[in-house]
Every structure is written in structure tokens, then in C-alpha cells.
Amino acid sequence: VLRYCSPEVEYLMISCRPHYLPREFSSILFVAVYLPPQTYAGTKTALNELYKAISKQENAHPEAALLVAGDFNAGKLKSVLPHFNQHVKCDNEHKKPCLRRF
């Protein structure tokens, strides 16, 4: 379990090893992230801190599945981790329900 809290970013990272897990994955890493609304400089610092933490875990656990969930108000995770894909692209600012068909 890793956790980090600063004025720029908060995250909690946990590793799980469920009993039934496909052989391709050694474990599952979950990362919960909150980036508060802020200036560009603060967002850049926050994304760099997040990049360092995620890269460290990717290197330590290369066969783990990694899921990142969070409120990325001002930042784009793809700017520091280009191999990640965002699956839910919903603006929650206007309090409209976001329904996606998968």
C-alpha cells in the first residue's frame, strides 16, 4: 500500500492478489487519484509525482494489471503516461449523468 497527500495530488495505491486471477497477471494494482482544481504549474507537478509512483510500481511488478481511477479535473494522465488509455470520458462538472455502453 502506497499513499501520498500534498496540495497538488492525493493518491492511494493498493496491490491485490485475488485467488482467481488469469495467469497473465501476477497481481492487480489499483490507484485512486484526486487532482484538485489548480493552476497549470500545480497540475504539472502533480502529474510528475503520479508518474514517478506508477512507473516505480510498473518496474517492480511488470506483469501486474494496473488500474487508475480518479478525478482528473485539470490534468491529462496521457501527457505523462502515453501508454495508458482512458475508457470513461465524461464531464462531471455539470452534474449530468454519464451513461456509457461498453
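Note that the sequence shown ends on residue 131 in our numbering; no numbers are left out.
For each residue, glycine too, the CB sits at the ideal point set by N, CA and C.
Per the Cβ contact rule, the stretch 54–73 is in contact with the stretch 91–111 (3 or more Cβ pairs under 8 Å). For V60, the pairing in a beta bridge is given by DSSP as M42, V97. Pairing S44 with P111, the inter-Cα distance amounts to about 22 Å. A straight-line Cα-Cα distance of about 19 Å links E87 and K105.
Ranked by Cα distance from I57, the options I83, L95, S35 are led by L95. Collapsing the DSSP output to three states places L31 in a strand. 8 Å or more divides the Cβ of T74 from the Cβ of E39. Excluding sequence positions up to five before and after R46, its CB lies within less than 7 Å of the CB of S56, all in the same chain and listed in chain order.
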